[in-house]
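>
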Amino acid sequence: MLFRSVADIFERIEGTTKRLEMTEYLVELIKNTPMNVVDKVAYLTTGTVYPPFMGVELGVADKLAMKAIATATATNEEAIQEDYVRSGDLGKTAENTLSKRRTMVLSQRPLTVENVYQTLEKICHAAGSGAQETKIRLLVGLLANATPREARYIIRVSLGKLRLGVADMTFLDALAVAYTGGKEAREVIERAYNFSSDIGYVAKTIAQGGLEAVTRAQISFGRPVKPQLAERLSSLEEILEKLGGKCSAEYKYDGLRIQAQVSPEKVILFSRRQEDVTTQFPDIVEAVSESVTAKEAVVDGECVPIDPDTGDLLPFQVVSQRRGRKYDIEKMIGEVPVVLCLFDVLYVNGEDLTMKPYPERRQKLAEVIKETERVRLAQSIISENPKEIEAFFDKAVQDGMEGLICKSLGSNSVYEAGKRGWAWIKWKRSYRSEMADTVDLVVVGGFAGHGKRAGTYGALLMAAYNPGDEGFDTVCKLGSGFTDEDLAKLPDILKPYLIQHQHPRVNALMKPDYWFIPAKVMELIGDEITLSPLHTCGFGNIRTGSGLAIRFPRLVKFREERAPEDATTVTEILDMYKRQLKQIST
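387 is the number that the numbering used here gives to position 381 of the sequence shown; each next residue is one higher, with no gaps.
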């Protein structure tokens, strides 16, 4: 398959902000893709080479890409730098430079998808003292045979900045239409994706075996299952009404979500974002090996830091010091010891438990876990008595928890991988008064700083996630709560996501000085939620011409472990506003 066919579709997708049109273009692309490369096209379309749990990155920086463009086009690097400053997009710079400086030569060979993908794989695996030179040589080889349009997307994929605005769920819609004729099969395809966290694997499975093969998809070791997520409510009365009058109330730990996969060969740990964090937590690997009595198991829990002197549980910021570390791991184990608090089991000895009701899964979890100092079962009670649950809530808060997770005991309380639903409901201590609640929002824009903030961002435009259109709706400008250190590092943190135009998944009325790809999540708190004609969150739901805004927002912490789709939803903010009105009226 010629890569120019892929690049043509990419350009058409880039030219629209309408999800239906994007889906139509993707369907066309998938239908024209041979089944032997459909997985590679799936990865490239989502701007990757491998699924996230592989932990393999291209490692191509701007300077390396500029050197490759300069070499491939016999252009000096200063000219490349100047074009980049103007365009703000090295992909466009590559396209511009190839258009001006290179003519077709007889030795040029049309690029195929296989050529491009295999070369990107080699770039991923280049290591050692000559790795940078190898990456440049491989990238130059691609650019030497690329058309200007192809060069645009080769460079963008290499840098991890494809910018098409195609969400995984949109690609799954396209798979359903392309291979089954309609979106009716989307639920089955999505379940296979949530079980594998691998869009290329799902695309290849349906291409080779049809919908029946996708239906047979199971949990497999080495592929993380996307975690089930919780909705939120502010009152126990509402929670019990939602859950049929009785629930399992469980401590809500403030830690790092961990899925542990245990087999006779090894233990693998995955984060909430499906990243392999096994090497970062060798102490948890050892602890799980000693604690799990089953031959094979997949368990779900929270990795929580503890005070080595008192044994008290500590907040998330402490365990975050151990995230992403490659060095001094043994030292950090001593300085930041952790415990794994388990609350669910998905698989035991060949049996998929995800379709079993929660009470059965919890019982099975207790059967296969031998509690130790480093592995515990999450504290919980089963009750229909509001006073008993209130007392347990107060105990959880006293013990340093965020609150409770209340879980359904019904026959339909299956494990809904990758979904946020009413089977699990968060009840946090901060919900008891107006906007004392925290929310997780996504950075989508920035405003230039002045005075003491010159050279960094004065404020950030923050958005909630809207699952309805897979977009991000603005809800506030965030300028408070940052330390001087936070402000100094913001430009570097956000630089990889800086773009020259509003991202197609961002719904905004405000026009910031800078736009960002929706990627970075921050937790913040505000005084209250108000109506606003300037923000798009819940626009028109409460009052025509108005959305919702958070008044006086303040940063609480960076949420590196959260994907943008894990952010607080528009529906949640609407519900919070309605509950706020009830509080005021009473």
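Cβ coordinates follow ideal geometry from the N, Cα and C atoms, glycine included.
Mind pulling the beta strand (DSSP E) runs of 3 or more residues that sit fully within the segment 343-395?
344-354, 381-383, 386-389
> Could you tell me which residues DSSP pairs with ASP282 in its beta bridges?
PHE276
> Between TYR259, GLU271, ARG263, GLY330, which lies nearest to GLN286 when the distance is taken from Cα to Cα?
Checking every option, the nearest Cα to that of GLN286 belongs to GLY330.
> Leaving out five residues before and five after ASN622 in sequence, what residues of the same chain have Cβ atoms less than 7 angstroms from its Cβ?
Past the boundaries of the shown model lies residue 622; the chain is included only from 7 to 592, so the question cannot be answered.
> Over the uninterrupted alpha helix (DSSP H) stretch that includes GLU408, give me the two end residues.
Here GLU408 belongs to no alpha helix (DSSP H), and DSSP marks it neither H nor E.
> With which residues is TRP521 paired in a DSSP beta bridge?
GLY451, ILE505
> Let me check one thing: in DSSP terms, what residues is MET528 bridge-paired to?
LEU447, PHE564
> Provide the residue span of the alpha helix (DSSP H) that contains GLN87, from first to last.
83-93
> With a Cβ-Cβ cutoff of 8 angstroms, do ASP405 and ASP572 count as a contact?
no
> Comparing alpha-carbon positions, which option in SER93, TYR31, PHE564, ILE431 lies nearest VAL506?
The question names Val, but residue 506 is Gln in the sequence shown. Here the closest residue by C-alpha is SER93.
> At what residue ranges does the segment 174-253 contain a whole run of the beta strand (DSSP E), taking only runs of 3 or more?
235-238
> Between the Cα of ASP318 and the Cα atoms of GLN369, VAL351, GLU379, GLU292, which residue gives the shortest distance?
GLU379
> Output needed for CYS130: all residues of its chain with C-beta closer than 6 angstroms, excluding positions within five of it in sequence on either side, in chain order.
VAL55, VAL62, LEU64
> Quick one: measure Cβ to Cβ for SER277 and VAL283, integer angstroms, because I've assumed they're closer than 8 angstroms.
5 angstroms
> Between which residues of its own chain and GLN508 is the CB-CB distance below 7 angstroms, once the five residues before and five after are set aside?
ALA514, TRP521
> Secondary structure at ASN472, three-state DSSP: helix, strand or coil?
Strand.
> Measuring straight from C-alpha to C-alpha, what distance separates THR99 and ALA76?
10 angstroms
> Between the C-alpha atoms of ALA150 and PRO116, what's the straight-line distance to the nearest angstrom?
So the alpha carbons of these two residues sit roughly 10 angstroms apart.
> In angstroms, rounded to a whole number, what distance separates the CA positions of THR125 and LEU145?
8 angstroms
> Helix or strand or just coil, what does DSSP make of LEU149?
helix
> Would you mind stating whether VAL344 and LEU371 have Cβ atoms separated by less than 8 angstroms?
no
> So, for VAL47: in the same chain, excluding its five sequence neighbours on each side, which residues have a beta-carbon less than 8 angstroms away from its beta-carbon?
MET7, VAL12, LEU35, ILE36, THR39, VAL119, ALA209
> Using three-state DSSP, classify GLU341 as helix, strand or coil.
Here DSSP, grouped into helix, strand and coil, assigns GLU341 to helix.
> Less than 8 angstroms separating the beta-carbons of ASP475 and ARG169?
Taking C-beta atoms as the reference points, ASP475 and ARG169 fail to come closer than 8 angstroms.
> By the DSSP assignment, the beta strand (DSSP E) with LYS432 in it spans what residues?
426-434
> Is the distance from the Cβ of ARG511 to the Cβ of GLY171 below 8 angstroms?
Taking the C-beta atoms as reference points, GLY171 is found nearer than 8 angstroms to ARG511.
> Under a Cβ-count criterion, where at least 16 other Cβ atoms within 10 Å of its own Cβ denotes burial, should GLU84 be classed as buried or exposed?
exposed
> Report yes or no: do three or more beta-carbon pairs, one from the segment 526-534 and one from the segment 553-568, lie closer than 8 angstroms?
yes
> By how many angstroms is the C-alpha of GLY461 removed from the C-alpha of GLY455?
6 angstroms
> In whole angstroms, give me the CA-to-CA distance for ALA402 and VAL91.
53 angstroms
> Can you pull the DSSP bridge partners for THR299?
According to DSSP, THR299 bridges with nothing at all.
> In this structure, how does DSSP classify ILE579 when only helix, strand and coil are distinguished?
helix
> Looking only at C-alpha atoms, which of GLY136, LEU50, SER254, LEU217 sits nearest to PRO392?
Ranking GLY136, LEU50, SER254, LEU217 by Cα distance to PRO392 puts SER254 first.
> If you count every other CB in all the chains shown that lies within 10 Å of the CB of GLU139, and 16 or more means buried, which is it?
exposed
> By alpha-carbon positions, which one of ARG585, VAL450, GLN114 ends up nearest to ASP519?
VAL450
> Is the beta carbon of VAL342 closer than 8 angstroms to that of PHE311?
Per the sequence shown, residue 311 should be read as Pro rather than Phe. Yes, they are a contact pair.
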